[in-house]
Every structure is written in C-alpha cells, then in structure tokens.
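In the working numbering, the protein residues as written are 726 to 1099.
Just below is one structure, and these are the notes that go with it.
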Ligand SMILES: Cc1ncc(C[n+]2csc(CCOP(=O)(O)OP(=O)(O)O)c2C)c(N)n1
Ligand SMILES: [Mg+2]
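Here it is as structure tokens:
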C-alpha cells in the first residue's frame, strides 16, 4: 500500500506572496542563505557560459531557471546524507561544501581537477560532501544510489541517499530497477525528478502516457508528490517530509519537481530548432531567483538593492577563482597511467612511453579536438 503524501505544491506564488500553507521553520538568516546559494548558482552559470562562448572551457550544461529546484531540495540534507547527481546539480554540491576553486578547476580540467581530466568538464564530484561523480549515462546513478542506500540500511547507518535525475531519465532502465529495488527493500532514499520539460529535444509529454507524473512512483509502490520547482520553500518543505519518511524507515519517496529548462540542453545545443520560444515566456514570470528575492524583500529580510550587492560579490569571488584556475597548469600526461595500480605496471609503462613518442612526433591535442557533440 502506498501512503498519500501531504505536500503542498506551492508555498510562495510567482509574485513572491506566501500562499498560506505552512512554511518551513527557517530563521531569517537561513532564508537569506538560501537566496545567496541560488544566486551563486545563477552567477557561476552565467560566468561559465561566457567562458564557453569565448572558447576557454569546453562545455556547459546551464541550470538557469532550475536554481530553486536544486537548492531547495538539497538544503535540508544533513552532512552525513548523500546526493547522487543527475546532470545539473553542481550548484547543490557548492552549497554542501565543494570549494568554488575545485568547481572551476573541473571546468578547466586542469591540474587541480579532482577528476584528473577523466571526466568531461562540467561533471563534478566531491568526496567531502558525499557527492559521487556524475554519470552522464542517463539513469545509471539511480540503481547506484539505491544500492548505496540499502547498504547504509544494512550497516545501521543513519543516512539518506537522495538521487537526482531528469524527466527523460524516468524512461531509463535504471529508473525501473532503482524504483523496484528501493520500494521492495524500503531503502532510505529520496528520488528527485527534476522535471524541466525537456530531454534534449524530446518534450516530457513523450516520456509517459500516464495521467500524472506522480503515477510513475505509485506504480512501483513509492509514494510520490509533485512540487513547484521554482518555489524554493516548497522544494525545501517537500524534501524535509521525504527525508523524514526515509529516516523513519518508511522507505523511498518520489518528488516530481516541476520546473523549466530556460536555455538549451547544453552549450552545444540550439533549442530554437525544436522548441517554440513562446513556451519560454510564461516561465520567465515564474523565475525562482526573482520570486524568492521579492518574498524576502516583502518580509524585510533583504533590503532593497541588497540582492544586486550579493550578485556583485559572488561575481567578484567567481572571477578571482577563474583567474587562479586559468593560470593553473594542465594535468600531467603521466596521470593517464596512474591510480589504477599502486605501482605503474610494465605493460602500462610501455603504452605510456609509446604515447609520449606520439605526442613528441605530432604535438599535443589542439583545442576542439575530440569535442563532445552534446
Ligand atoms: C543512456 C543514455 N542515452 C542517451 C544519452 C544522451 N543524453 C544526454 S542528456 C539526455 C537527456 C536527459 O534529459 P533529462 O533526463 O530530462 O535531463 P535534463 O537534461 O533535462 O536535465 C540524453 C538523452 C545519454 N547521455 N545516456
Ligand atoms: Mg529534462
């Protein structure tokens, strides 16, 4: 049997007015912090896009419009909880402790990139905050996260695994097996479906013929609720309820976080060839950052003009990190054969030497060589 969750869809309307439903119990300082985290996501994204357009980083998957959905849902996690990212939750990692310098190093895949250049850029990981490396192979993080949640339960650890993915990923095999096992095992996890309307050029209407997206959870025996993903407080409240269920041993919850992908799928995409840009306009009016700023200003938590000051400060902080990371050296070529064995074995050394000879003959790869098409 599945329980119906009592999660309100919206707590703050697009004009920044409270709807009257109970708000999460957050102090004024905590509310202001939430705003700063959302603004950081937006500002860092804007900077990265500029760097990509200038040919200084290779690839960006922007999250413009989705700031509340990731910050609101990730904020109530404890430090000991885990966040299994889908494609766009780097900003949540920043909030949970990923240093901005490391974030930008990963964008440059330089010598300070903790993935050592073995990931595409814009694919983060941070051990310190229980944030495993992204897998862009859609849906594969879902069974991984469920398995880790089940292991935590077996080991008697008090931790919840939150597993993020997009609307497109709900059509993957990973979603099916993850939901099945999580429900049967009552694994302490929360499924967070960031429903942004699109999976590259495929509209979300093509992902299911079900009447409601929450039916995707009910079908597996996983209680599900839909929440306004552009309302940071609604996201926060919904996640608090889902985390509480998981900690109480009641098993997984599916949250459908309804938002919108304002830009293309990535810096390599042109949405104008498949989407009617008129569809975007109503979502501008639901902008999550502006909505929350209005709410905070209405309550005197942000003074008039303070939001602009916060943005400026974050821009300066970001630019100073960009300058540092851009000046950093590249990952040493030798790192290609390190880390697999405690000592580099003979056969890898032979391959490495022949690789170095090739590099010496032809020179290193040039910018744009091997560019990923998506
Ligand atoms: C198994 C697999 N199939 C296809 C792709 C190509 N691909 C990359 S992102 C993406 C769409 C993902 O859409 P969604 O899950 O809604 O996430 P969003 O991009 O909207 O955040 C696809 C099909 C892939 N990376 N992995
Ligand atoms: Mg999507």
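The beta-carbon is built from N, C-alpha and C at its ideal position, and this holds for glycine as well.
As the structure is a prediction and not an experimental result, all values here were calculated from the model.
Backbone secondary structure at residue i - three-state DSSP
{"i": "residue 1066", "result": "coil"}
{"i": "residue 889", "result": "strand"}
{"i": "residue 1089", "result": "coil"}
{"i": "residue 953", "result": "strand"}
{"i": "residue 978", "result": "strand"}
{"i": "residue 802", "result": "coil"}
{"i": "residue 911", "result": "coil"}
{"i": "residue 848", "result": "coil"}
{"i": "residue 837", "result": "coil"}
{"i": "residue 1055", "result": "strand"}
{"i": "residue 938", "result": "coil"}
{"i": "residue 817", "result": "helix"}
{"i": "residue 748", "result": "coil"}
{"i": "residue 983", "result": "strand"}
{"i": "residue 947", "result": "coil"}
{"i": "residue 808", "result": "strand"}
{"i": "residue 923", "result": "strand"}
{"i": "residue 871", "result": "helix"}
{"i": "residue 743", "result": "strand"}
Close Cβ partners of residue i (< 7 Å) along its chain, the five nearest in sequence each way excluded
{"i": "residue 929", "result": "892, 920, 922 and 923"}
{"i": "residue 1036", "result": "764 and 768"}
{"i": "residue 1069", "result": "1062 and 1063"}
{"i": "residue 756", "result": "1021 and 1026"}
{"i": "residue 953", "result": "734, 735, 959 and 983"}
{"i": "residue 834", "result": "842, 846 and 1056"}
For residue j and residue i, the rounded distance between their alpha carbons
{"i": "residue 847", "j": "residue 795", "result": "16 Å"}
{"i": "residue 736", "j": "residue 747", "result": "7 Å"}
{"i": "residue 911", "j": "residue 982", "result": "22 Å"}
{"i": "residue 823", "j": "residue 839", "result": "11 Å"}
{"i": "residue 809", "j": "residue 1077", "result": "34 Å"}
{"i": "residue 868", "j": "residue 914", "result": "11 Å"}
{"i": "residue 872", "j": "residue 1087", "result": "45 Å"}
{"i": "residue 753", "j": "residue 1024", "result": "9 Å"}
{"i": "residue 975", "j": "residue 885", "result": "12 Å"}
{"i": "residue 1047", "j": "residue 829", "result": "7 Å"}
{"i": "residue 776", "j": "residue 782", "result": "6 Å"}
{"i": "residue 878", "j": "residue 1072", "result": "41 Å"}
Same chain only: Cβ atoms within 6 Å of residue i, ignoring 5 sequence neighbours per side
{"i": "residue 863", "result": "894 and 897"}
{"i": "residue 849", "result": "815, 818 and 831"}
{"i": "residue 1030", "result": "none"}
{"i": "residue 772", "result": "1043"}
{"i": "residue 955", "result": "793, 984, 1011 and 1013"}
{"i": "residue 875", "result": "910 and 912"}
Other residues of its chain near residue i: CB distance less than 8 Å, five sequence neighbours each side excluded
{"i": "residue 679", "result": "Look at the range of the chain in this structure, 726 to 1099, and you will see that residue 679 is not part of it."}
{"i": "residue 999", "result": "926"}
{"i": "residue 978", "result": "730, 915, 916, 942, 947, 948, 949, 950, 966, 967, 970 and 971"}
{"i": "residue 786", "result": "812, 813, 847, 990, 991 and 992"}
{"i": "residue 744", "result": "733, 735, 736, 737 and 738"}
{"i": "residue 858", "result": "840, 844, 848, 849 and 850"}
Residue-chain proximity (residue i, chain B), Cβ-Cβ < 8 Å
{"i": "residue 1054", "result": "This model lacks chain B altogether; it includes just one protein chain."}
For ligand 2, residues whose Cβ lies under 7 Å from any non-hydrogen atom: Answer in sequence order: 891, 892, 893, 919, 920, 921, 922, 923, 924, 929 and 986.
Are at least three pairs of beta-carbons, each pair with one atom in the stretch 759-774 and one in the stretch 1031-1043, less than 8 Å apart? Segments in contact, yes.
If contact is defined by three or more beta carbon pairs under 8 Å, each pair taking one atom from either stretch, is the stretch 1004-1021 in contact with the stretch 817-834? Not touching, per the Cβ criterion.
Does the contact criterion of 3 or more C-beta pairs under 8 Å hold for the stretch 938-947 versus the stretch 902-916? Yes: at least three Cβ pairs fall under 8 Å.
Between the stretch 986-998 and the stretch 949-964, are three or more C-beta pairs nearer than 8 Å? With the cut-off at 8 Å, the stretch 986-998 and the stretch 949-964 do not touch.
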